[in-house]
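Quick notes on the structure that follows.
Chains as they are written, first to last, in this note's numbering: chain A, 32 to 411; chain B, 105 to 240.
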């Protein structure tokens, strides 16, 4: 490790030189200057761990130097040397941010004690600072790490099942095939739960607010649909989209809003009848852009509507319970929509389908000026 | 017997490696394996794969990206830098939301892989992606 750096600022040469002689015993690197200005110059170019300042100097006195050091870098430990030690002057310099003071004349041991203590404080400060930074970095990557730790074993198991089901490792009889398919289905549910749960903790309202830009609804809808076409086909569900060409853009964070839409759409498909319909429509209403998803699905009991956005709430109805679900999808949707400064409305009748409407703020101005190309987005 | 091509798997999860290897072998590829990026880079030189299947998080959180950085920019890999890379990770959620590490500085100039897949990989999807990348 590098030896600590100490700067001595004193207008009297004899004091400076004797300080240096004593401090050398600590194995530190000492620099000497005669004025506050020179001292501050050095501090700006080359950070020091500790500064010894004489209080009484012509031009810029020790008080002023201490104040400026504090402005420059409050982590530097400053010790005042004073020839006229009064309680008042000591208190004043400590108020300016000095760590300690040393009355003149002092013995070598007195200087060493004060400086050693100052350096110890500096070391502890640095240490706690780096620990704090480490902790912050860990918190930043926490969700990523947890995601990795949870998903890795699940992925490994899943892939074994996929390989077994693909008969690469030999043929399966019907009973084995069926059991493995059930295992895969349950595992799918578990993976989905992990994803949803991580999404819940990852989605930070503050982050979304920063990313709100003017975006067209049509684009978001088609992106949200992209991942769900297969599911819709399997249940023979017809999806129609009605987004007017001239609809003004809304203030949207594309990634999370697409997620909200795809959660709603996935519900509209999942809790629908075979051969059912989903209708997506966007309209302009006063200052809002409203996106409505209407389905011909099972619908909700009126009594349940107040609870459907609660985390882990799942409908009591048999049709819903038959489908895999985590009870987090709508909670995520609501969290995202609220972070957009919007709201969500539900209309539903048991047996004849539901309608979810997301209200988003219309983008101000002509929109395009607000649009930012996404540079540097990384796939991960 | 001639194969469809040579694939190098760089991943520290032996179960992942085993299953992917089975799928690729069954489909007629030749496969080599490295369990960390340093060995992986040596293997690239020795084995000259037609495709690299690269995990992101191994010993360290960005290991896959460091690997890719060396491969794409280091002078000693000049002749191999255009080897296609298919990056895989179990980090990203499957909803299509991009799961960036919340660290702009670290990720700012990270190299881009040729393609990306989420773990778990489905055999059919894997075979399709691999074939498409090798054809390129």
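We put the beta carbon where it would ideally sit given N, CA and C, even for glycine.
Can you list the residues of chain B that residue i reaches, using a CB-CB cut of under 8 Å?
i                     : result
residue 371 (chain A) : By Cβ distance, chain B contributes nothing, its closest Cβ being about 15 Å from residue 371 (chain A), past 8 Å.
residue 241 (chain A) : None at all; the shortest Cβ gap to chain B is about 12 Å.
Alpha carbons only, please: which of the options is nearest the one belonging to residue i?
i                     : options                       : result
residue 218 (chain B) : B:178, B:179 and B:157        : B:157
residue 376 (chain A) : A:257, A:382 and A:364        : A:364
residue 162 (chain B) : A:81, A:253 and A:183         : A:183
residue 111 (chain A) : A:104, A:94 and A:177         : A:94
residue 394 (chain A) : A:344, A:339 and A:315        : A:315
residue 238 (chain B) : B:123, B:153 and B:113        : B:153
residue 372 (chain A) : A:307, A:215 and A:244        : A:244
residue 249 (chain A) : A:269, A:279, A:234 and A:224 : A:279
residue 268 (chain A) : A:35, A:311 and A:201         : A:311
residue 221 (chain A) : A:199, A:185, A:324 and A:47  : A:185
residue 276 (chain A) : A:341, A:195, A:348 and A:247 : A:247
residue 181 (chain A) : A:84, A:228 and A:285         : A:228
residue 145 (chain B) : B:215, B:233 and B:180        : B:180
residue 130 (chain B) : A:197, A:166 and A:69         : A:197
residue 89 (chain A)  : A:334, A:55, A:65 and A:322   : A:65
residue 242 (chain A) : A:72, A:374 and A:287         : A:287
residue 122 (chain A) : A:139, A:164 and A:86         : A:86
residue 101 (chain A) : A:117, A:82, A:114 and A:119  : A:82
residue 145 (chain A) : A:177, A:164, A:57 and A:158  : A:57
residue 35 (chain A)  : A:178, A:61, A:156 and A:50   : A:61
residue 169 (chain B) : B:132, B:123, B:133 and B:115 : B:115
residue 123 (chain B) : A:194, A:224 and A:387        : A:194
residue 70 (chain A)  : A:357, A:42 and A:304         : A:42
residue 324 (chain A) : A:384, A:353 and A:75         : A:384
residue 270 (chain A) : A:118, A:139 and A:326        : A:326
residue 225 (chain A) : A:343, A:205, A:158 and A:352 : A:343
residue 219 (chain A) : B:132, B:223 and B:177        : B:223
residue 291 (chain A) : A:374, A:75, A:99 and A:264   : A:374
residue 121 (chain B) : B:132, B:138, B:110 and B:133 : B:138
Name the chain A residues whose beta carbon is nearer than 8 Å to that of residue i?
i                     : result
residue 238 (chain B) : Per Cβ cutoff of 8 Å: no residues; residue 238 (chain B) is ~20 Å from chain A at best.
Please compile the residues from chain A whose C-beta is within a distance smaller than 7 Å of the C-beta of residue i.
i                     : result
residue 127 (chain B) : 194 and 199
residue 289 (chain B) : For chain B, the structure presents residues 105 to 240; residue 289 (chain B) sits outside this window and is missing.
Given that residue i touches chain B, what residues does it touch there, using C-beta distances under 9 Å?
i                     : result
residue 190 (chain A) : 119, 120, 122, 123, 124, 127, 223, 224, 225, 226 and 227
Is there at least one non-hydrogen atom of the ligand ATP closer than 7 Å to the beta-carbon of residue i?
i                     : result
residue 176 (chain A) : Among the ligands in the structure shown, none appear at all, so the ligand ATP cannot be discussed.
Could you check whether residue j and residue i sit closer than 8 Å to each other, using their CB atoms as the reference points?
i                     : j                     : result
residue 160 (chain B) : residue 191 (chain B) : yes
residue 254 (chain A) : residue 213 (chain A) : no
residue 67 (chain A)  : residue 91 (chain A)  : yes
residue 328 (chain A) : residue 381 (chain A) : no
residue 300 (chain A) : residue 259 (chain A) : yes
residue 150 (chain A) : residue 142 (chain A) : no
residue 149 (chain B) : residue 184 (chain B) : yes
residue 84 (chain A)  : residue 40 (chain A)  : yes
residue 368 (chain A) : residue 336 (chain A) : no
residue 59 (chain A)  : residue 45 (chain A)  : no
residue 240 (chain A) : residue 362 (chain A) : no
residue 251 (chain A) : residue 282 (chain A) : no
residue 80 (chain A)  : residue 153 (chain A) : yes
residue 178 (chain A) : residue 195 (chain B) : yes
residue 187 (chain B) : residue 172 (chain B) : no
residue 63 (chain A)  : residue 51 (chain A)  : yes
At 9 Å on the CB atoms, spell out the chain A contacts of residue i, in chain order.
i                     : result
residue 165 (chain B) : 172, 175, 176 and 179
So, is the C-beta of residue i closer than 8 Å to a C-beta in chain C?
i                    : result
residue 99 (chain A) : Protein chains in the displayed structure are A and B, and chain C is not among them.
Query raised in the report: Are there three or more Cβ pairs, one per stretch, closer than 8 Å when the region 220-240 of chain B is compared with the region 181-191 of chain A?
Result: In short, these stretches touch, since the Cβ pair count reaches three.
**Report entry** Interfacial residues, the region 168-179 of chain B to chain A, with Cβ spacing under 7 Å
**Finding:** Per Cβ criterion, the list is empty.
Query raised in the report: When the Cβ atoms of the region 101-111 of chain A are set against those of the region 127-138 of chain A, are three or more pairs found closer than 8 Å?
Result: Judged by Cβ distances under 8 Å, the region 101-111 of chain A makes contact with the region 127-138 of chain A, as three or more pairs qualify.
Query raised in the report: Quick one, which residues of the region 173-184 of chain A are near chain B if we go by CB-CB under 7 Å, in chain order?
Result: Cβ contacts with chain B come from 175, 178, 179, 182 and 183.
Report task. Flag this pair as touching only if the region 195-213 of chain A and the region 224-237 of chain A have three or more C-beta atom pairs under 8 Å; answer yes or no. Result -> No, they do not touch.
Report task. Using a Cβ-Cβ cut-off of less than 8 Å, list which residues of the region 128-161 of chain B approach chain A; keep chain order. Result -> So the close ones are 130, 160 and 161.
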